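Q: Got a structure here, written out as structure tokens. Questions coming.
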Amino acid sequence: MLADEPAFAPVTSSAIVFDGAVWDVRRDTFGYNGVGVVREYLDHPGAVAILALDAQDRVLLIKQYRHPVRVRDWELPAGLLDQDGEHPLVGAQRELAEEADLVAAEWNMLGEFYTSPGGSSEVIRIYLARGLTVAKEVFERTDEEADIEVRWVPLDDCVDAVLASRVQNPSLVIGALAAQAARARGWSTLGAADAPWPRHPVNWDHTV
Numbered sequence: 001m002l003a004d005e006p007a008f009a010p011v012t013s014s015a016i017v018f019d020g021a022v023w024d025v026r027r028d029t030f031g032y033n034g035v036g037v038v039r040e041y042l043d044h045p046g047a048v049a050i051l052a053l054d055a056q057d058r059v060l061l062i063k064q065y066r067h068p069v070r071v072r073d074w075e076l077p078a079g080l081l082d083q084d085g086e087h088p089l090v091g092a093q094r095e096l097a098e099e100a101d102l103v104a105a106e107w108n109m110l111g112e113f114y115t116s117p118g119g120s121s122e123v124i125r126i127y128l129a130r131g132l133t134v135a136k137e138v139f140e141r142t143d144e145e146a147d148i149e150v151r152w153v154p155l156d157d158c159v160d161a162v163l164a165s166r167v168q169n170p171s172l173v174i175g176a177l178a179a180q181a182a183r184a185r186g187w188s189t190l191g192a193a194d195a196p197w198p199r200h201p202v203n204w205d206h207t208v
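For the record, in the sequence shown the residue sitting at position 153 is 153 according to full-length UniProt numbering, with numbers rising by one throughout.
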């Protein structure tokens with residue numbers, strides 16, 4: 001079976017070299033292949049994304065401004081896991097309500113991925129949310145979220161946009177392809193919404 005292998009090189013020193021407003025840069029020194037290696041990386045709290053699918057197999061997409069790449073890109077509702085002790089599923093439910101004014105009756109784990117494993121500890125879990133209804137509370141949005149554009153797009157059209165490179169957001173790309181593949185298999189590949197998340201750094205077992 002093809003699978004990544006957990007591996008924990010012994011860290012001899014670790015320090016925050018940049019303390020940012022949202023995330024930090026960490027410098028680790030660790031032993032690997034008999035030598036000491038120094039690497040700096042984005043020390044990230046992780047995030048969740050939600051592929052909200054309605055009864056017509058349409059996906060809820062939002063468009064918002066992303067300054068680092070100077071693009072208003074189409075995305076899945078998503079957000080940081082920056083509230084101490086918050087379960088990822090609860091974070092996903094919160095983000096769906098805050099960004100899309102929706103609640104869902106049915107939740108499953110669709111997939112998860114590292115955004116840039118050579119330079120960041122960020123890992124994102126994508127949830128599939130179905131049985132959608134409008135939230136009772138409408139959230140006020142500010143900054144980049146103030147002019148969010150919302151659109152319902154057929155899942156197949158999302159996949160077409162991914163394959164044509166018209167959309168680039170990684171959560172949308174991975175989520176749309178995973179949802180199409182899961183649907184083709186009768187949704188048999190879905191995981192439990194409360195499934196353990198050993199890939200998230202807060203859950204690392206350094207004895208592996």
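For every residue, glycine included, the Cβ atom is placed at its ideal position computed from N, Cα and C.
A quick note: this is a predicted structure, and the numbers were derived from the prediction, not measured.
Give a yes or no on whether the C-beta atoms belonging to Leu80 and Pro45 are separated by under 9 Å.
A: yes
Q: Assign Val202 to one of three DSSP states: helix, strand, or coil.
A: helix
Q: Is any beta-carbon of chain D found at less than 9 Å from that of Asp147?
A: Here chain D cannot be found, since the structure has a single protein chain.
Q: On the DSSP bridge list, what partners appear for Gly111?
A: Ile126
Q: Which stretch, first to last residue, makes up the alpha helix (DSSP H) that contains Arg183?
A: It spans 170-184 - the alpha helix (DSSP H) in which Arg183 sits, taken as one unbroken run.
Q: Can you name the residues that DSSP bridges to Pro77?
A: Answer is none; Pro77 lacks a bridge partner.
Q: Can you check DSSP and say which residues form a bridge with Lys63?
A: Paired residue(s): Trp74, Glu149.
Q: If I follow the unbroken beta strand (DSSP E) through residue 282, where does it start and stop?
A: One cannot answer for residue 282 here, as it falls past the ends of the chain, which runs 1 to 208.
Q: Suppose contacts are defined by Cβ-Cβ distances below 9 Å. Is Leu128 in contact with Ala179 by that definition?
A: yes
Q: Whose C-beta lies closer than 8 Å to the C-beta of Met109 among residues of the same chain, with five residues either side of it excluded?
A: Arg125, Ile126, Tyr127, Leu128, Leu190, Gly191, Ala192, Ala193, Ala195
Q: Does DSSP put Pro154 in a helix, a strand or coil?
A: strand
Q: Among residues of its own chain, excluding the 5 on either side of Ala164, which ones have a beta-carbon nearer than 8 Å to its beta-carbon?
A: none
Q: Using a Cβ-Cβ cut-off of 7 Å (strictly less than) and excluding sequence neighbours within five positions of Phe30, which residues of its own chain qualify?
A: Ala9, Pro10, Val11, Thr12, Val37
Q: Who are Asp43's beta bridge partners in DSSP?
A: Asp24
Q: Less than 6 Å between C-beta atoms, sequence neighbours within five positions excluded: which residues of the same chain meet that for Glu106?
A: Once the five neighbours on either side are set aside, the close Cβ partners of Glu106 are Arg130, Gly131.
Q: Would you call Ile50 buried or exposed, if buried means 16 or more other Cβ atoms sit within 10 Å of its Cβ?
A: So Ile50 ends up on the buried side.
Q: Identify whether Glu5 lies in helix, strand or coil by the three-state DSSP scheme.
A: Reduced to three states, the DSSP call for Glu5 is coil.
Q: Check each candidate in Asp147, Leu96, Ala161 and name the one with the smallest Cα separation from Arg66.
A: Asp147
Q: Return the residue from the list Ala100, Ser120, Pro88, Val202 that minimises the CA-CA distance to residue 245.
A: An answer regarding residue 245 cannot be provided, because it is not within the stretch 1 to 208 covered by the chain.
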